[in-house]
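Below is one structure, written out as structure tokens; the observations come after it.
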Amino acid sequence: MANGTTQGRALYEHEAPVLSTRWSADGTKVISGGCDKAVRLYDIQSGQQQQIGIHDAPVKSVRYVEVTNSNQPVVVSGSWDKTLKYWDMRTPQPIATINLPERVYAMDSSQKLLVVGTAERHVIIIDLNNPQAIFKQTMSPLKWQTRTICCYPQGNGYALGSIEGRCAIQYVDEQDEANKAGFSFKCHRDIKQRESIIYSLNSISFHPIYGTFCTASSDGTFNFWDKDARHRLKGFPNCKATISTTAFNRNGSIFAYALSYDWSKGYQFNRPDYPNVIRLHPTKDEEIKQRNKKR
26 MANGTTQGRA LYEHEAPVLS TRWSADGTKV ISGGCDKAVR LYDIQSGQQQ QIGIHDAPVK
86 SVRYVEVTNS NQPVVVSGSW DKTLKYWDMR TPQPIATINL PERVYAMDSS QKLLVVGTAE
146 RHVIIIDLNN PQAIFKQTMS PLKWQTRTIC CYPQGNGYAL GSIEGRCAIQ YVDEQDEANK
206 AGFSFKCHRD IKQRESIIYS LNSISFHPIY GTFCTASSDG TFNFWDKDAR HRLKGFPNCK
266 ATISTTAFNR NGSIFAYALS YDWSKGYQFN RPDYPNVIRL HPTKDEEIKQ RNKKR
């Protein structure tokens, strides 16, 4: 609401923990996937939910994508069964399946770009003009397990985060990569005199208008960054709980982040009183907009 308060409007359930959700572009539907191996759709207007897809293992990530030669949005799901499946909501069978080298750990899409990160650090890039084929397969530039992927709003590259507290900036086109030089940087680390405590980078989200981005971590902090200028725009105080996921709203005026245990320290740290909340942060231009370069 305009005054910053929230009100629950709808609820639907999976039969096991939910791992991923996504709004449709028009804001009328929600898709979700989880440990019950199902892909579900909830219609906001009718209040009805239906299962639109199924995998052989938990569904780690779901996205709406615009596929060439399709007259309506298609749902894509990535699973621990090492497959990527495309679903037309009018039929129970996938319209296409892509076999992957490993289990899906992270996935995102923007424009005609779909990027999937799997176990063993594989990165699969798909051009949605030809969605049934892998456009490019490469290895993560980071040394440790992939935790999150987010595509640039322009659809020409992606940011990748890992459990080692490091973020990589990558471009898909080889000429873009050569001209803009993809890079990686350390973040979310507590540097002591003789040691560094490293925290998992759990979530990356790009501002839909400015193209700047956020990183959020198991250290309980989030930061806003400018990838083109290669510097941090704004750091925020520690939330005293791990941040598991983040998102900007459609115009970037609100930044949402979830506090909940991310299992980064094992089951023994999952206390009954651990926070499970979603917070909303109204963004200001001075903290999220790219700054003019000094002459």
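Per this note's numbering, the very first residue in the sequence shown carries number 26; after that it's consecutive.
Even glycine gets a Cβ: it sits at the ideal position worked out from N, Cα and C.
Checklist entry - Per DSSP, what kind of secondary structure is A35 in: helix, strand or coil? => result As a first step, residue 35 must be located in the sequence shown, where it is residue number 10. Of the three classes helix, strand and coil, the one that applies to A35 here is coil, per DSSP.
Next on the checklist: Using only CA atoms, which one of S71, G180, C175, Q136 lies nearest to A35?
Outcome noted: Position 10 of the sequence shown, counted from the start, is the residue given in the question as residue 35. Of the candidates S71, G180, C175, Q136, the one whose C-alpha sits nearest the C-alpha of A35 is S71.
Item to check | Every unbroken alpha helix (DSSP H) inside the segment 36-109 [4 residues or more] | outcome: none
Next on the checklist: Assuming the contact rule is C-beta atoms closer than 8 Å, A131 and T171 should be a hit. Round their C-beta distance to whole Å, please.
Outcome noted: Locating residue 131 in the sequence shown gives position 106, where the first residue counts as 1. Locating residue 171 in the sequence shown gives position 146, where the first residue counts as 1. Contact flag correct, Cβ pair sits at about 6 Å.
Checklist entry - Quick one: what's L284 bridged to in DSSP? => result Within the sequence shown, residue 284 is the residue found at index 259, counting from 1. Answer by DSSP bridge pairing, in chain order: I268, V302.
Checklist entry - Run through DSSP, which three-state label would Q218 get? => result Counting from 1 along the sequence shown, the entry for residue 218 is found at position 193. Coil.
Next on the checklist: Please list the terminal residues of the continuous beta strand (DSSP E) segment that includes I149.
Outcome noted: Against the sequence shown, residue 149 aligns to sequence position 124. Taken as a continuous stretch (DSSP letters only), the beta strand (DSSP E) holding I149 covers 147-152.
Next on the checklist: Would the segment 254-266 count as touching the segment 218-236 if we require 3 or more Cβ pairs under 8 Å?
Outcome noted: no
Checklist entry - Is it buried or exposed for Y299, if we count other Cβ within 10 angstroms and need 16 for buried? => result Locating residue 299 in the sequence shown gives position 274, where the first residue counts as 1. Flag for Y299 reads exposed.
Next on the checklist: For G52, count the other beta carbons within 10 Å of its own beta carbon; 16 or more makes it buried, fewer makes it exposed. Which is it?
Outcome noted: Here residue 52 refers to the residue found at position 27 of the sequence shown. The residue is exposed, with fewer than 16 neighbouring Cβ atoms inside 10 Å.
Item to check | Minimum C-alpha distance to Q136 - residue among W105, T93, I216 | outcome: Start at 1 with the first residue of the sequence shown, and residue 136 comes out as number 111. Nearest in C-alpha terms to Q136, of all of W105, T93, I216, is T93.
Checklist entry - What first and last residue would you give for the beta strand (DSSP E) that runs through I174? => result Here residue 174 is taken as the residue at index 149 of the sequence shown, counted from 1. 171-176 is the extent of the beta strand (DSSP E) around I174.
Next on the checklist: With three or more beta-carbon pairs closer than 8 Å as the criterion, would you say the segment 176-183 touches the segment 136-148?
Outcome noted: yes
Checklist entry - Where does the unbroken beta strand (DSSP E) through I229 begin, and where does it stop? => result Within the sequence shown, residue 229 is the residue found at index 204, counting from 1. Its beta strand (DSSP E) spans residues 226-231.
Item to check | Under the three-state DSSP convention, the category R320 falls into | outcome: Mapped onto the sequence shown, residue 320 falls at position 295. At R320, the pLDDT of 49 sits below 50, so the modelled position is not reliable; the number obtained from the coordinates is stated separately. Of the three classes helix, strand and coil, the one that applies to R320 here is coil, per DSSP.
Checklist entry - So which of S243, Y235, T237, G236 has the shortest CA-CA distance to I223? => result Against the sequence shown, residue 223 aligns to sequence position 198. Closest by alpha carbon: S243.
Checklist entry - Candidates V197, H80, S285: which alpha carbon is nearest R296's? => result Here residue 296 corresponds to residue number 271 of the sequence shown, with the count starting at 1. Nearest C-alpha to R296: S285.
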